[in-house]
Each structure stands twice: as C-alpha cells, then as structure tokens.
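What follows is a single structure, written as structure tokens, with notes after it.
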Amino acid sequence: MTVGDYSVSLTTSGGWLAAFLFLVVSVLAFRAYRPLREANRLHQILFGVRQFAVLLASLLILAPQVTLTVQGVRLPLVAVLIDDSESMRILAGEQPRHEALDGLLSSGVFESLEGRARLATFRFSEQLLDPDPADTTRWLGTATDIATSLDQLSSRLKGEGLTGVFLLSDGTHNVGESPLHTAEAYNAPIYTVPVGAGKSPRDIAVTSVTHPSLGYAGRLLKLAVSLDVVGIERAEQSIRVYDGERVVATRAAALAPGKQTLELAYTPEQAGNRTLRVVVAPVEGEAESQNNQVLTTIEVLAGRARVLVVGTPSPDLAYLLRVVRSDSNVVVHAVVPESGQGWGFGAQRALVEASAYSLVVLHDIPGALLTEEATGAIAAMVQAGGGLLVVGGESTLTPGWAGGLGEALPVRPGSSGYQPSFTPLRVASSDRHPIVQLTDDPVADREAWLSLPPFVASVDVEPVSGARVLIKDPEGKALAAVRQVGAGKSAVVAARGVARQALMMWGIGASDAVNHTFWSQMIRWLLTKTEIQKLRVQNEKSAYRSGEPIVIRAEYFDDLLRPVDGAEVLIDVDGGSRGALPMPGRGDGAYEARIPGMSQGEHGYKVTAVPDNGAPITIEGKFTVGRYSVEYEQLLADERLLQEVAERSGGKLVAPWEVAAFLGDMQLSPQPHLSTHRLTLWGHRWPLVVLFIVLAAEWFVRRRRGMI
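FYI, the numbering for the sequence shown is 173 to 880, going by the working numbering.
Set out below in structure tokens:
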C-alpha cells in the first residue's frame, strides 16, 4: 500500500500457501473441538484456548513483517580527514605545521557547509581514528598510512552518500600501500589540502646504515651512512658511531644539500651481537634533531674462519683457491702433494685434525689418504657444525672411495665412475637455492647458467635421502648437491672443467661472474652456522624506526624437512597482555606476522609451532626500535603526492587559503534517499513460551476433568 512518499507492505516467510493450510487446520479444529450448544462454559473456554493456540502457531510459522519505506532527500556527506601524525610537529617556516592546520580548522571554514551538507570529521595516522572532540589534535601518530585510512573511511561511510573527502595532510606517506592506487578506485573525489608545503626546514637526516651482516673481532668493518640534507648550504659536521655509550668510530664530513653516502671504518673488539648507534651532530637552527641518528645491529664473530683445502694440483684447484682466498673473512690452509714425492704425512695429519677447521675441502684426492681416523675426524667435524666440500675427479667419488664419509655426503658413488666427456649443465628447476642464485631475476639467472660452456668431465653419483640437487646434466643426473648433516653441512660437485669455463667466458668478452659467484656462495653457505630446526624464524631486519611495522617470518618443517602448511604457529611479543597471537600462513610452510610500530628500545618475541603430536617448538628472537620514528625521515611536505592523489580520484589540490572560496563554489545538491524501516510482529522466543503454556494448560485441564 502506497500513500504519497510512504509505502507499507506485509511479508511472511512461510508464504500464503502456509496460511491457507493453517486456515484449513483451523476449520478442522473447529469442527473437531467445537462445543455443543448444551456444553458448559468450561468446554467453550477450552475450545477458545485451542483456537488461540492454532492461530499463534500459524503466525509463528508465517513470521509476518511490516515494512515501511519512505522516499525523500538528504543532504550530501562531506568528510574531513585530518593528519594526526608526528610529522605535523615539524616546523613550516617559523611555526609547526599543526599550528597552521589549527588555524585553518579554528576559522570555522568547514562549518560554512551547514545547511548545504552533512559533515563527518576524522583524524588519521597509521589508520583511521574515531572523531573525539576532546582528543582530536594530539599529533602523536608514529607513522602515516594514507591508503589504509582512505579505505577505512570508505568502509565506515558506505551507503551514507559520500560526496567528497577533504584530506588535510603534509603528504608524508611512509607505511602501507601506495595511496595512488587507492585514489584511482575511490568512490568519491578527494580534495587534498597541503600543510607545510613550499617551506624547506634546515635538517640533516640519517636515512640508513649499510654494512656486512657478519664481522670479525679485530678486523676492519666499513659502514656506509646515507644522509639527506635539506635547507643547509654547507656544514662541517662530525659523524660518530656509538657501541653503548662508547664512541667506536668517528669522522668529519662536509655536508651539502641532497642525498649523500659516507663511509666510516669500525673495528669491533668483542664478539657477539653489537647494537651500534650512528649519530650526526645537529646544526644550529635545525628543524628536527630526532632523525640525526639511527640504530643498526652487527653479528661479530670471534675470528676468521679456518678453511682446510686438500687437493691434487690442477687448474680447477687453482681457480677454487683464488676464490676462497678472495674472502678476507677466511684463513686458508692448502695441502697439495709434495713435489716429486707424492702425498706426505702432512696431508693425513691435517685431515685427522679436521676439528680445528670450520670447513674442509677435498679436491680430487685418492681414497688412500682417507684413513678410518681421518674420515672419523671429518665426519665428527661436520656433525658438530662444520662444513665439508668434495670436488670429484679421477680419484674421488669413484666406487669404493672413502666409505667412512658416506653418512656425511649428499651423494653416493654410482657404478659408472669418472666419465671424461663434455657434459652440459642445467640448474635444478625447483625453488632457487642461495648457492645458485646469481641475481633477484630468475629468468636472467637461468640464461646466465645456460650460457656456460659444458664441463669436460663428470663423476657418476646418486643423491641420498635428504640431499638437494643444485646442478644436473640434461639427463637429470646430479652434478652438484648439498645436504644438512647433524649441525653442519656438506656439498659435492661431481664435475670438472671450471677453470676452462672461466677462460672461455673471458675469451668471448664476458666474465667468470657465474663461476666465481657459485663457488664463493658455496663457501659462504658451508661456513654459515645453522642448526637443523623444524621451526626457523627471522625478522625482516634487526633495527627499526619508531612507528615502522615489524615483519617477522617463520618457516615450519616436518621431520623430513618438508614444509608444513595449515599448522598452528603463534607469536608472543614482549609477553603481551593479549597472549600469543596466530601467524597467518603464506604457503610452502611460511608464516608471517606484521606487528604495528612499537616504542623505542629492544623487544623480544617467541614464536611457537604446535604440532599435531609431540611437544611445541619455540624459537626466541629480538629486534631493536630506534629513537626516532619514520615521521622524521622525510621533513619536506610531499605536495606532488597530494596533487596526484587528488587528480587520480577526480578531485583537486586546494591551497589552505583557497579552502573557503572552494567550499563556497562547491555544487552540493540534495540526494534522493530511500529509507526502509522493518517491524517484526513476533519475537523469537516469547511466542513459543506462550504457545507451550497454552497447550500444556489445556491438556492439563482436560486430563483432570476426564475429557481425554
């Protein structure tokens, strides 16, 4: 039924067929229970009760609902989004940015929309924040995520007739997805109002510090410090590196506007994880000194790794020795046959003392050198966490060679032995191992490997259980394989002609980059201490800025080191009040937790995997949050980003002094609006209670009076 702008309708869930059936039931009940004319008053009352029960049951099944629809108009909705992050405290000329924003808001410019539009005001930093008049302008957000805040605003105001969004910000978006993609698909034009644009503060910011992840006590380490200088023509400043409160490195530098990178030399004195603080002295009149420092962490080992190389002289051995010796973090002890006299006792003595080395390389040596005592010492060294590399040849990896090393190798000798024939190579097509990963581009890596000349010979070997094949021939036979053995690692290269490959690549105008990278990464992988753990955890980096999201990744494997998906993996940071939280799975046994920015200092976490059977596995770790937030990394307002956000959404960049005139010219027409109100005639519980009581009472009375 419709009257003017109002429409009323009655709906049922059971349909009118059910109503007809209950009408039939009511008629039958009337004929069966109707009282005779001479019946007493009790019969008439009970009959009425029965009819009421039938009517109530029919209404319950029909579930009638009255819907009132009103057609009208409403004012359009305009949203104001206020940047509430710490970057609004940065000076814009002589005053902080937030004071300029306060002046715009206190002028009542947006109140001029009253009567023309509905107004919704929100603040945001790393996410959308509820409007709170008592706490609107704190300027304490430790990060700015414009994209997420716009998405959350759209979800919050869905169906409310959003006509436009005024984004009041300095544009220093520093976490989350790009706001440009959000703007392109946004459901309303975004009008950006830049705050603090065009005014460059005087500032020196330490943006990053890069260095090797490993260092050695007593050995020089180079730190590359990246700076961003704004509003300063030239300044002579000192850069200091602190380990705790002690200065461990310093240098003077002439700073000029723009980005620049400076090197500092640092020699760690003690082993362990060292947290360093790199500080640039502030200049007079600098807008913000919190971004003049950054934290970083270096793992310092006790000393250089010792590598024992025992091999038969050949161009391949000479090439391998050059690669190993090019790493300043290792000390190489090479043992070769004594001139004209074959192998002396020195080789066997060195092999028996394998526990004194971090890595043992056996390069085509005869099995006679590998006595039971020598193979036992090498196997024990690997089990304890050392590395073993075996390079095949005429005397190595042939049937019956060094049986005592069988449990420590990733392959076993095949039946064909040494095969002096050209052998093309292919990298295994499974996920890339770090040893064969040349760049971040898998396609480029594959082409680089295919460009290598063939090996001149190979040794027939068969991978054992738990081995991982890195390189194979076109027929699929293994040419290089690795394996975890106890707490250590082992590797086998069953091919020869590496030096020839390098020379041929140089001969065609290329380089030996593929060969050199392969062998250097092989040595580095074998020297890296990693225990066999079914749960492996790492954080994206060891030091973060305040407000920067912390990403922690975990990998979970079964007893055969196969990735486990769908497991219960939990993370607990600093023993939080909310307890352990689940880490979402990413596939292939990987799990990831993204933790919002945390306060300055060192934080610890525990990651626990709960297997279906057995005890939970827990790994502990830690990360450091620096003294200043990502908000102070970029002091210049990003007006270009704000303009592009506005243009992609169909909006416009509006200068603060133009907002009043722009609002006055906005076309804000009333919107057609359809409001619906629904009224359910019956609830869900009390009619059932009434029906039960009515039927029970009728049955009780009839039973007591002998009517049934």
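The C-beta atom is built at its ideal place from N, Cα and C for all residues, glycine as well.
{"query": "Burial state of Glu441 (16 or more Cβ within 10 Å)", "result": "exposed"}
{"query": "Exposure label - Arg449; buried when at least 16 CB within 10 Å", "result": "buried"}
{"query": "Limits of the alpha helix (DSSP H) - the one that Gly679 falls within", "result": "670 to 679"}
{"query": "Ile743 burial status per 10 Å Cβ neighbour count (16 or more: buried)", "result": "buried"}
{"query": "Beta-carbon proximity check, Leu561 vs Ala663, cutoff 8 Å", "result": "yes"}
{"query": "Runs of beta strand (DSSP E) lying entirely within the segment 494 to 555, each at least 3 residues, in chain order", "result": "502 to 507, 531 to 535"}
{"query": "Limits of the unbroken alpha helix (DSSP H) element including Thr354", "result": "351 to 356"}
{"query": "Limits of the alpha helix (DSSP H) - the one that Gly836 falls within", "result": "831 to 837"}
{"query": "Short Cβ contact (8 Å threshold) for Ala652 with Val636", "result": "no"}
{"query": "contact_flag[the segment 813 to 825, the segment 338 to 350] where n(CB pairs < 8 Å) is 3 or more", "result": "yes"}
{"query": "Rounded separation between Gly669 and Gln609 - CA only", "result": "21 Å"}
{"query": "Selected residue, minimal CA-CA separation from Gly343, among Arg269, Pro366, Asp302, Trp691", "result": "Pro366"}
{"query": "Contacts around Thr433, its chain only, beta-carbon distance under 6 Å, and the 5 residues preceding and following it disregarded", "result": "Ala396, Ser398"}
{"query": "Gly769 to Asp684 span [Cα, whole Å]", "result": "44 Å"}
{"query": "Given Ser326 as reference, the closest of Gly823, Ala357, Trp311 once Cα atoms are compared", "result": "Ala357"}
{"query": "Beta carbon of Leu285 nearer than 8 Å to that of Val245", "result": "no"}
{"query": "Three or more C-beta pairs below 8 Å linking the segment 485 to 500 and the segment 684 to 693", "result": "yes"}
{"query": "Bridge partners - Tyr414, DSSP secondary structure assignment", "result": "Val419, Arg449"}
{"query": "Buried versus exposed call for Lys394 [16 or more other C-beta atoms within 10 Å across all chains shown]", "result": "exposed"}
{"query": "Residues bridged to Leu561 [DSSP beta-bridge criterion]", "result": "Val533, Ala663"}
{"query": "Within 8 Å, strictly: CB atoms of Leu523 and Ala549", "result": "yes"}
{"query": "Three-state secondary structure assigned by DSSP to Thr241", "result": "strand"}
{"query": "Bounding residues of the beta strand (DSSP E) (the contiguous stretch that carries Gly589)", "result": "583 to 591"}
{"query": "In DSSP terms, what Gln609 is bridged to", "result": "Answer is none; Gln609 lacks a bridge partner."}
{"query": "Separation of Ser278 from Ala306, as counted between CA atoms", "result": "Its pLDDT being 46, under 50, Ala306 is placed unreliably in this model, and the coordinates cannot settle the point."}
{"query": "Asn359 versus Asn346, Gly331, Thr382, Val347, residue with shortest Cα-Cα distance", "result": "Gly331"}
{"query": "Met297 burial status per 10 Å Cβ neighbour count (16 or more: buried)", "result": "Looking at the sequence provided, one finds Ser at residue 297 rather than Met. Result: buried."}
{"query": "Assigned secondary structure, Glu811 (DSSP; H/G/I helix, E/B strand, else coil)", "result": "helix"}
{"query": "For Leu597, three-class secondary structure by DSSP", "result": "coil"}
{"query": "Beta bridge counterpart(s) of Glu634 as assigned by DSSP", "result": "Arg584"}
{"query": "Segment contact flag, the segment 617 to 635 with the segment 581 to 598, C-beta cutoff 8 Å, min 3 pairs", "result": "yes"}
{"query": "Exposed unless 16 or more other CB atoms sit within 10 angstroms - verdict on Arg877", "result": "exposed"}
{"query": "Secondary structure of Arg406, DSSP reduced to three states", "result": "coil"}
{"query": "Touching by the beta-carbon criterion (3+ pairs, under 8 Å), the segment 735 to 742 and the segment 778 to 790", "result": "yes"}
{"query": "With 16 other Cβ atoms within 10 Å as the buried cut-off, status of Ser410", "result": "exposed"}
{"query": "Extent of the continuous alpha helix (DSSP H) run through Gly822", "result": "Careful: Gly822 lies outside any alpha helix (DSSP H) and carries neither H nor E."}
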